[in-house]
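Visitor: The UniProt record's numbering numbers the first residue of the sequence shown as 1 and each following residue consecutively. Even for Gly, the Cβ is constructed at its ideal location relative to N, Cα and C. Predicted, not measured: the structure shown is a model, and the values here were computed from it. Quick one: the structure is below, and I'll ask about it shortly.
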Amino acid sequence: MQFLILSRRRTSEFTAAEFDELAKQEADQARQLYGLGFTRQLWHRGDQGGACQIAEAADEVEVRTKLATLPFAKAGMLDFEIVPLKPYAGFYT
Numbered sequence: 001m002q003f004l005i006l007s008r009r010r011t012s013e014f015t016a017a018e019f020d021e022l023a024k025q026e027a028d029q030a031r032q033l034y035g036l037g038f039t040r041q042l043w044h045r046g047d048q049g050g051a052c053q054i055a056e057a058a059d060e061v062e063v064r065t066k067l068a069t070l071p072f073a074k075a076g077m078l079d080f081e082i083v084p085l086k087p088y089a090g091f092y093t
């Protein structure tokens, strides 16, 4: 099953320097999740600090478990919105 995940940096609670301290580790773990086939596509958000990604997982529990491995998430620096996706029915009529 695929999921749309929007993350938002908690910039009102953490400084840019605090994000910078973990940025390399965050990127390394993001590459790891991509290599596992969890992350299918990944973008930086253009409207605020954070990311948008398409992920593949069995269920939302797996999504949350994998996202929890990200250093920013471990430090409580991110909020996530997770949207389960389903095929567009218009292609099948």
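Please name the residue, chosen from 36, 29, 88, that lies closest to residue 68 on a Cα-to-Cα basis.
Guide: In the sequence shown, the residue the question calls residue 68 occupies position 68. Among 36, 29, 88, the Cα nearest to that of residue 68 is on 29.
Visitor: Between residue 22 and the rest of its own chain, which residues show a CB-CB distance below 7 Å, the 5 nearest in sequence each way excluded?
Guide: If you number the sequence shown from 1, residue 22 lands on position 22. Same-chain partners within the cutoff: 71, 72, 75.
Visitor: Taking the straight line between their C-alpha atoms, what separation do you get for residue 20 and residue 88?
Guide: As a position in the sequence shown, residue 20 is number 20, starting the count at 1. As a position in the sequence shown, residue 88 is number 88, starting the count at 1. Between residue 20 and residue 88, the C-alpha separation is close to 39 Å.
Visitor: Indicate the three-state DSSP secondary structure (helix, strand or coil) for residue 41 in the structure shown.
Guide: Walking along the sequence shown from the start, residue 41 turns up at place 41. Under the three-state reduction of DSSP, residue 41 is assigned to strand.
Visitor: Residues in its own chain within less than 6 Å of residue 78 by CB, not counting five upstream and five downstream?
Guide: Taking the sequence shown and counting its residues from 1, the one referred to as residue 78 is at position 78. Cβ neighbours of residue 78 beyond the five flanking positions: 7, 72.
Visitor: According to DSSP, simplified to helix, strand and coil, what is residue 57?
Guide: If you number the sequence shown from 1, residue 57 lands on position 57. Residue 57 falls in the coil class under three-state DSSP.
Visitor: Please tell me whether residue 38 and residue 57 are closer than 9 Å, where the distance is taken between their beta carbons.
Guide: On the sequence shown, position 38 is the one that residue 38 refers to. On the sequence shown, position 57 is the one that residue 57 refers to. Contact: yes.
Visitor: Applying the 10 Å Cβ sphere with the 16-neighbour rule, what's the burial state of residue 91?
Guide: Here residue 91 refers to the residue found at position 91 when the sequence shown is read from its first residue. Label assigned to residue 91: exposed.
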